[in-house]
Every structure is written in structure tokens, then in C-alpha cells.
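Chemist: Structure below; questions to follow.
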Amino acid sequence: MHWKFVASLIVIVAAAWLCGCKDDSSSHSFATDTNREVYQVKGVLKEIKPNGKTAVIAHEKIPNYMDAMTMDFDVKNPRELTGLKSGDAIAFDMVVTTNDGWIERVRKLAPEEKGSQPNSITINATNGTNVGPMKFRKSPIVDPLEVGQQVPDYKFTNQWGEPISFAQFRGRALGVTFVFTRCPFPTYCPRMNSNFSGAQQKLLEAGSPTNWTLLSISFDPEFDTPKTLTRYSKTYKPDTNHWQFATGDFWNLDGLTEQLGLQFWKQDGSINHNLRTAVFDARGKLHKLFIGNEWPVEEFVTEMQKAAAVK
Numbered sequence: 023m024h025w026k027f028v029a030s031l032i033v034i035v036a037a038a039w040l041c042g043c044k045d046d047s048s049s050h051s052f053a054t055d056t057n058r059e060v061y062q063v064k065g066v067l068k069e070i071k072p073n074g075k076t077a078v079i080a081h082e083k084i085p086n087y088m089d090a091m092t093m094d095f096d097v098k099n100p101r102e103l104t105g106l107k108s109g110d111a112i113a114f115d116m117v118v119t120t121n122d123g124w125i126e127r128v129r130k131l132a133p134e135e136k137g138s139q140p141n142s143i144t145i146n147a148t149n150g151t152n153v154g155p156m157k158f159r160k161s162p163i164v165d166p167l168e169v170g171q172q173v174p175d176y177k178f179t180n181q182w183g184e185p186i187s188f189a190q191f192r193g194r195a196l197g198v199t200f201v202f203t204r205c206p207f208p209t210y211c212p213r214m215n216s217n218f219s220g221a222q223q224k225l226l227e228a229g230s231p232t233n234w235t236l237l238s239i240s241f242d243p244e245f246d247t248p249k250t251l252t253r254y255s256k257t258y259k260p261d262t263n264h265w266q267f268a269t270g271d272f273w274n275l276d277g278l279t280e281q282l283g284l285q286f287w288k289q290d291g292s293i294n295h296n297l298r299t300a301v302f303d304a305r306g307k308l309h310k311l312f313i314g315n316e317w318p319v320e321e322f323v324t325e326m327q328k329a330a331a332v333k
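To convert a position in the sequence shown, counted from 1, into the working numbering, add 22.
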């Protein structure tokens, strides 16, 4: 046998052996793509959405990633949810990439596998369904804000520590979304910021209109100080003439989020929340409300351009 052939065969066998070895003791493994992380997770299925591909799951704490909470997760293959029902204890792989996240290898747990399950309440990314006890704080009494209605003059503090208010954005289209800097899952806060980054680029490239502002508001003011927001915002390269990050006291946060249908609360050291993104026109009236995380950037940009043109 030729020595070059033997050497090649040894390399192939060694590579195959290495690829087949892994440390099963770890709950966190990395796939071949260095931007793809896989976590083995257990939880309780709360609901399968009508689209058949989104599961609301109260999951356990995921070490080195996030605390126990209830979230919406998409599956790549809806058949993985076949036969499952609300209340089932399940195990699954949570896959996280730079810009996306989903679950796969979903299976129902046998009674002996269940162990202790997370004690969590459900508010999901889409409709804010609440099915458990919550801790309440004193909040302003406000009505839901309908399209065409004037938004009150809510006041916040931006990433430079400067006071800002909604009134100062009159004459400009104002796009508002909600985040907190410790939110790790790609399809939640990171997606909202990535969408704003894409919208910023398209609006700048369009050249007109120029009277628009994007505002990412954190509902974690105790942690997300102006200094933290400044550091965090740099990841998304905001044009500070058009995009600010801000936070504020709970009176203003609760008033605005309540009017837009966004709910958030602290649990086990983290924050559960749903998702809302609003466009206000140049008169300060609600022009468009986007629910959830699947809104197209192009549609948001179109609505911002329409809102900027309102006299």
C-alpha cells in the first residue's frame, strides 16, 4: 500500500473519531458553525400557537445564558409539536445563532425524567396572555392607545443622561421599540435592535424624509443606566442624529407600555416581556403598532415615511 494513501486514511479515521466524541455531561454544546450554540433544556409546554410552529414554553434556568422564564419558541419542523398538549413536560434543544433562535428535537418527558419544573407565568411575545400570578406596582391608569390618538408627553432619559420627552419629537416621525440590555435570545430584544438598525440604514439611504427618529426604550432602568445604554448601543452603530436609546422611571414606562399593550415584569433575576413596536406621526399621534417580532423592516420603513409626511 502506498505510504501517501496510508497517511490519508489515518487522517480520515482520526477526524471521524474526533467528530464522534463529545462531553455528554455539559448542558451546552457548540455545533460546527461557531456562531451556532445549542442548549439542552427542559420545560413545560403552555400553548401551541394557531400557526402550528410556535410553542409557548415555561423553561428552566439555562446556565450561563438566561434565567427561567416563559417564552415563545419557533420550531423549524412543525411536526415536532405533533401530539403535544398544554401541560406536557418536555425536553428540547434550543439553538441560538447570531441573528436567530429556535428549538428542535422536541420530546415529551417520561414521568421519571420530569424532575422539578420551572414555576413560571406566561406572557408571550405576541398577545401578552397572562396565566399566572404577577407582582404589581403602582401605575398610571391609562386606556389603550388607538391609531390616530395623541400619545401623552412621556418623559425619559437618553444614553447621554439627557432628559427627553415625546413632545420634543413633534414634527418628526418617531419609531419606538422596547428592549433591555440583558435580554439574550436573538428573536427578542436583539431582533428589535437589528430591525431598527436595518430601518436606519434604509431611511438614511432613501435620503428623504429626514424628519424621523428611532427610540429604543429599556424597561430595566435599575440596570440599564445611561452608561450601560451607551456601551450597549454601540453594538448597533446608531446614527445619533436619528436613533437614541433611553430609559425612565416606572411611572412613565408603565404608562406608555400599558397604552401599547406591552407587559413586562421581573422574575428570578430576569425580565419577562412581550414585544411591541410603534410608529408615531409628526403630530405625535399613533400611526401604526407592530405586534410581536415578525414585522418586516421594509414595512416599518414605509410606515415611518408616511408618518413623517403627515402635516
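Just so it is clear, CB atoms sit at the ideal spot from N, CA and C, and this is done for glycine as well.
#1: Using a Cβ-Cβ cutoff of less than 7 Å, which residues in the same chain neighbour aspartate 175 once the five nearest sequence positions on both sides are dropped?
#2: Determine the DSSP secondary structure at alanine 132, reduced to helix, strand or coil.
#3: If contacts are defined as beta-carbon pairs under 8 Å, then glutamine 285 and asparagine 180 qualify, I think. What distance do you get, rounded to the angstrom?
#4: Cβ atoms of valine 198 and leucine 5: under 7 Å apart, would you say?
#5: In chain order, what residues of the same chain lie with their CB nearer than 6 Å to the CB of tyrosine 210, ignoring the 5 residues before and after it?
#6: In the structure shown, what three-state DSSP assignment does asparagine 121 receive?
#7: DSSP three-state call for arginine 253: helix, strand or coil?
#8: In terms of residue numbering, what span does the beta strand (DSSP E) encompassing proline 240 cover?
#9: Mind checking glutamine 172: buried by the 16 CB within 10 Å criterion, or exposed?
#10: Which word fits alanine 331, buried or exposed, when buried means at least 16 other C-beta atoms lie within 10 angstroms of its C-beta?
#11: Once you ignore the five residues that flank glutamate 126 on each side, which residues in its own chain have a CB closer than 8 Å to its CB?
#12: Assuming leucine 275 contacts leucine 167 under a Cβ cut-off of 8 Å, what Cβ separation, rounded to an integer in Å, is found between them?
#13: By DSSP's criteria, glutamate 126 is part of a beta bridge. Which residues make up the other side?
#14: Using a Cβ-Cβ cut-off of 7 Å (strictly less than) and excluding sequence neighbours within five positions of leucine 226, which residues of its own chain qualify?
#15: Where do the ends of the alpha helix (DSSP H) carrying serine 292 lie?
#16: So the candidates are Pro248, Val66, Asn233 and Gly170; which of them puts its Cα closest to the Cα of serine 108?
#17: Report the residue from Arg298, Val201, Ile163 and Thr324 whose alpha carbon sits nearest the alpha carbon of lysine 224.
#18: Short of 8 Å in beta carbon distance, which residues of its chain neighbour methionine 214, apart from the five on each side in sequence? Order them along the chain.
#19: Measuring straight from C-alpha to C-alpha, what distance separates tyrosine 61 and isoleucine 163?
#20: Where does asparagine 217 land, buried or exposed, given buried means 16+ other C-beta within 10 angstroms?
#21: Could you spell out the range, first to last residue, of the beta strand (DSSP E) harbouring lysine 328?
#22: How should threonine 232 be labelled, buried or exposed, when 16 other C-beta atoms within 10 angstroms of its C-beta is the threshold for buried?
#23: Histidine 295: which of Leu196, Ala132 and Ala80 sits nearest, CA to CA?
#24: For a test of the three-state rule: what should DSSP assign to tyrosine 87, helix, strand or coil?
#25: Compute the distance between the beta-carbons of phenylalanine 95 and alanine 111, then report whether it is under 7 Å.
#26: Determine the direct distance from the alpha carbon of glutamine 327 to that of leucine 278, and round the result to whole angstroms.
Modeler: In short:
#1: In the sequence shown, counting from the first residue as 1, residue 175 sits at position 153. Taken in chain order, the residues that qualify are Ser187, Phe188 and Ala189.
#2: The residue labelled residue 132 in the question sits at position 110 within the sequence shown. Reduced to three states, the DSSP call for alanine 132 is coil.
#3: For the purposes of this step, residue 285 is taken as the residue at position 263 of the sequence shown. For the purposes of this step, residue 180 is taken as the residue at position 158 of the sequence shown. That belief does not hold up - the Cβ atoms of glutamine 285 and asparagine 180 are roughly 24 Å apart, past 8 Å.
#4: This structure leaves residue 5 out entirely; the chain is present only between 23 and 333.
#5: Here residue 210 refers to the residue found at position 188 when the sequence shown is read from its first residue. Nothing meets the Cβ criterion.
#6: On the sequence shown, residue 121 is found 99 positions in, with the first residue counted as 1. Coil, per DSSP.
#7: Here residue 253 corresponds to residue number 231 of the sequence shown, with the count starting at 1. Arginine 253 falls in the helix class under three-state DSSP.
#8: As a position in the sequence shown, residue 240 is number 218, starting the count at 1. Rather than proline, the amino acid found at residue 240 in this sequence is serine. Serine 240 -> beta strand (DSSP E) spans 234-240.
#9: Here residue 172 refers to the residue found at position 150 of the sequence shown. That one is exposed.
#10: Translated into the one-based positions of the sequence shown, residue 331 becomes position 309. Counting of Cβ neighbours within 10 angstroms places alanine 331 among the exposed residues, the total staying below 16.
#11: As a first step, residue 126 must be located in the sequence shown, where it is residue number 104. Result list for glutamate 126: Val97, Lys98, Asn99, Glu102, Phe114, Asp115 and Val117, in chain order.
#12: Here residue 275 is taken as the residue at index 253 of the sequence shown, counted from 1. Here residue 167 is taken as the residue at index 145 of the sequence shown, counted from 1. Contact doesn't hold; Cβ gap of about 15 Å is too wide.
#13: Translated into the one-based positions of the sequence shown, residue 126 becomes position 104. Beta-bridge pairing links glutamate 126 to Asp115.
#14: Position 204 of the sequence shown, counted from the first residue, corresponds to residue 226. Excluding residues within five positions, the ones whose Cβ falls inside 7 Å are Asp261.
#15: Within the sequence shown, the letter at position 270 stands for residue 292. Note, serine 292: premise wrong, no alpha helix (DSSP H); beta strand (DSSP E) at 292-295.
#16: As a working mapping, residue 108 is identified with position 86 in the sequence shown. Per the Cα distances, Val66.
#17: On the sequence shown, residue 224 is found 202 positions in, with the first residue counted as 1. Measuring from the Cα of lysine 224, the nearest candidate turns out to be Thr324.
#18: For the purposes of this step, residue 214 is taken as residue 192 along the sequence shown, with counting starting at 1. If we look at methionine 214 and ignore the five residues flanking it on each side, its Cβ neighbours are Thr199, Phe200, Val201, Ser238, Leu297, Thr299 and Asn315.
#19: Residue mapping note: residue 61 aligns to position 39 of the sequence shown, counting from 1. Residue mapping note: residue 163 aligns to position 141 of the sequence shown, counting from 1. Their Cα atoms are separated by approximately 41 Å.
#20: For the purposes of this step, residue 217 is identified with residue 195 of the sequence shown, where counting begins at 1. Label assigned to asparagine 217: buried.
#21: For the purposes of this step, residue 328 is taken as the residue at position 306 of the sequence shown. No beta strand (DSSP E) contains lysine 328, which is instead part of the alpha helix (DSSP H) from 319-331.
#22: To locate residue 232, count along the sequence shown from 1; it is residue 210. Exposed.
#23: As a working mapping, residue 295 is identified with position 273 in the sequence shown. Among Leu196, Ala132 and Ala80, the Cα nearest to that of histidine 295 belongs to Ala80.
#24: Mapped onto the sequence shown, residue 87 falls at position 65. Here tyrosine 87 sits in coil by DSSP.
#25: Translated into the one-based positions of the sequence shown, residue 95 becomes position 73. Translated into the one-based positions of the sequence shown, residue 111 becomes position 89. One thing to note: phenylalanine 95 has its Cβ no nearer than 7 Å to the Cβ of alanine 111.
#26: Numbered from its first residue, the sequence shown carries residue 278 at position 256. Numbered from its first residue, the sequence shown carries residue 327 at position 305. Cα atoms of leucine 278 and glutamine 327: separation of roughly 23 Å, rounded to the nearest angstrom.
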